[in-house]
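Comments concern the structure below.
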Amino acid sequence: MENIGRGNFGSKIGAVLAAAGSAIGLGNVWRFPYETGANGGAAFLVLYLACVIIIGIPLMVAEFAVGRRSRANNFRAFPLLGATGLWKYVGFLCVLTGWLILCYYVVVQGWTIEYVISSGANGLANKTPDDYTADFSSFISNPVKPLIYVFLSIGITLGVVLMGVQKGIERASKVMMPMLFIFILVLVGCSLSLPGAMKGVEFLLNPDFSKVTASTYLAAMGQAFFSLSIGMGCLCTYASYFPKEANLFGNAFNIAGIDTLIAILSGLIIFPAAYSVGIEPGAGPSLVFITLPNVFYQAFGSIPWLAYMFSLMFYLLLAMAALTSAISLLEPATLLIHEETHLRRRWSALLATAPVLLFGVACSLSMGIWDEYKLFGMNLFDLFDFTTAKIMLPLGGLFTALFVGWKMDKKALLSEISNQRTLPQWLIRIYYSLIKVILPLAIIAIFLNELGVFSL
Ligand code: PFF
């Protein structure tokens, strides 16, 4: 199969770690808590978990299978596996979605860099919860400062992609993820020790299904797609680098498991702290940024240097997690341009990045001076988020599932997913019924439910 000067991962675990690096990012620590907060808490979590199990894991396996079988970029993968007519463009839709996500992802990535710098300069110390809220809103509505961080985020992401697959992505993923995990565990302990923390735990873990509306389903599904990095061809692209022996099911379970665990742990940091200092759980995109400094400075307040070190290290790791995800958002578009036009990788990455700069700036300004320009009641940032996470990702996932279930050669699929024929038959049967029928029906039902055609 076509293999134009493709990079390769140095170790087997490298490609898998990079896929985990893609999944674990701002989606877990930033987006999950704010979507959970805005959608009523524990009931959202239950729907989210259902989406991860019924839609997320099977689809991740499907994307892995398409990528490793074709050993090609997402755009070319589908035709190589026999797609004709409109099916040929499924891969393109996926790559486009990821690229659009990157346009606003770099904005939040920029916010994490600002918090690295401001904790480094001891700018988070000696403040009240109200100060944190006021500081954050004055920062994001500033017409210049966040833009500098958008440039910085794009520059760093591009830099790593230009360094190539192996060196850049693998090295970063290997070290940072376990460290982030340990920091998160410590922070959960700190947050739970704050006065009044149990109310937050209850909000996250004690479901009240009367709060579920049609949009809760859509939000839970969108969050599952976003957080697991599915429906946009990024995992497919990474799987095109997977070694033959990689166990696709095992990897999907592990990645989805760790990703979900980190999201829930992040919730266990944010909500107890939010309740403890009186911040609304539905505060939206600002939630993590106004809650976390309280955790650092209330839990470690009596030992200022510890609070300082901890907040600096945490934001650094969060910025790194955002970076590994941003790389994965840029990589599919870069590879598509590189392999389709035969342009050098360097030029392909630059070409893929240039428009991100433009939209990134517009999304950033829409949180401040351009906030009054709205479409369907949303500013540009929210519009990008809504359209990509809640519409385009699920559509990409739906088409991928239909293609893999109904169009892809069954033997080829089986040889990819059966893990050298070691996978039990019953599991394969369950997988087929999920990918062919249950998963597509679930996605369609959630869409129809949102449109009010019927009620789930
Ligand atoms: N999964 C990443 C996160 O949770 O931050 C974001 C993301 C990366 C979404 C790659 C989609 C994607 F393809």
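Numbering (this note's numbering), first residue to last: 9 to 464. From the three backbone atoms N, C-alpha and C, an ideal C-beta is built for every residue, glycine too.
TYR123: member of the alpha helix (DSSP H) spanning 98-128, first to last residue.
Rounded to the nearest angstrom, the gap between the Cα atoms of LEU256 and TRP313 is 44 Å. Taking one beta carbon from each stretch, the stretch 184-196 and the stretch 393-413 have fewer than 3 pairs nearer than 8 Å; the two do not touch.
Put simply, the backbone Cα of ALA409 is about 12 Å away from that of PHE72.
Where ASN36 is concerned, there is no enclosing alpha helix (DSSP H), because DSSP gives it neither an H nor an E.
Distance from ILE238 to MET68 at the Cβ level is roughly 6 Å; contact confirmed, criterion being Cβ atoms closer than 8 Å.
If you ignore the 5 residues before and after CYS111, its C-beta comes within less than 7 Å of the C-beta of VAL364, PHE367, GLY368, CYS371, PHE392, all in its own chain and listed in chain order. ILE162 is not a Cβ neighbour of SER274, given a cutoff of 8 Å. ILE109 has its Cβ nearer than 7 Å to a heavy atom of the ligand PFF. Counting only residues whose CB is nearer than 6 Å to a non-hydrogen atom of the ligand PFF, the list in chain order is SER30, ALA31, GLY33, LEU34, GLY35, ASN36, GLY106, ILE109, PHE234, SER235, SER237, MET240, CYS242, SER333, SER336, LEU337. Taking a 10 Å sphere around the C-beta of THR349, we find fewer than 16 other C-beta atoms and assign the residue as exposed. Scanning the stretch 191-230 for uninterrupted alpha helix (DSSP H) segments of 4 residues or longer gives 206-213, listed from N- to C-terminal end. Here DSSP, grouped into helix, strand and coil, assigns LEU94 to helix. ALA291 and ARG39 have their C-alpha atoms spaced approximately 12 Å apart. MET400 is positioned such that its CB atom lies no closer than 8 Å to that of MET184. With a cutoff of 8 Å on beta-carbon distance, PRO340 and ASN81 are scored as near each other.
With three or more CB-CB distances shorter than 8 Å, the stretch 205-221 counts as touching the stretch 44-52.
Linking SER145 to ARG352 through their CA atoms gives a straight-line distance of about 41 Å. Collapsing the DSSP output to three states places MET185 in a helix. Three or more beta-carbon pairs drawn from the stretch 55-66 and the stretch 257-266 are found closer than 8 Å, and the two stretches are therefore classed as touching.
DSSP links LEU383 through a beta bridge to MET386.
If you draw a straight line from the Cα of VAL103 to the Cα of GLY131, it comes to about 39 Å. Burial check for PHE389: the Cβ neighbour count within 10 Å reaches 16 or more, so the residue is buried.
Minimum Cα-Cα distance from THR395 among the listed residues ALA227, LEU200, LEU155, GLU424 corresponds to ALA227. Distances from the alpha-carbon of LEU166 to those of ALA205, LEU359, LEU422 put LEU359 closest.
Distance from SER235 to ASN36 at the Cβ level is roughly 6 Å; contact confirmed, criterion being Cβ atoms closer than 8 Å.
Each residue's CA atom was taken as its position, placing GLY376 and GLU122 some 16 Å apart. The C-alpha of PHE455 is placed about 22 Å away from the C-alpha of TYR440.
Going by beta carbons, ARG84 and GLU424 fall outside the 8 Å limit.
Within the same chain, and ignoring the five residues on either side of ALA330 in sequence, the residues whose Cβ sits closer than 6 Å to its Cβ are GLY33, LEU34, GLN117, THR120.
Of the other Cβ atoms in all chains shown, fewer than 16 fall within 10 Å of the Cβ of GLY460; this residue is therefore exposed.
By the neighbour-count criterion, in which a residue is buried when 16 or more other Cβ atoms sit within 10 angstroms of its Cβ, ALA129 is exposed. Less than 8 Å separates the beta-carbon of ALA205 from that of TYR283.
Inter-residue distance for VAL114 and TYR140 is about 22 Å (C-alpha atoms, whole angstroms).
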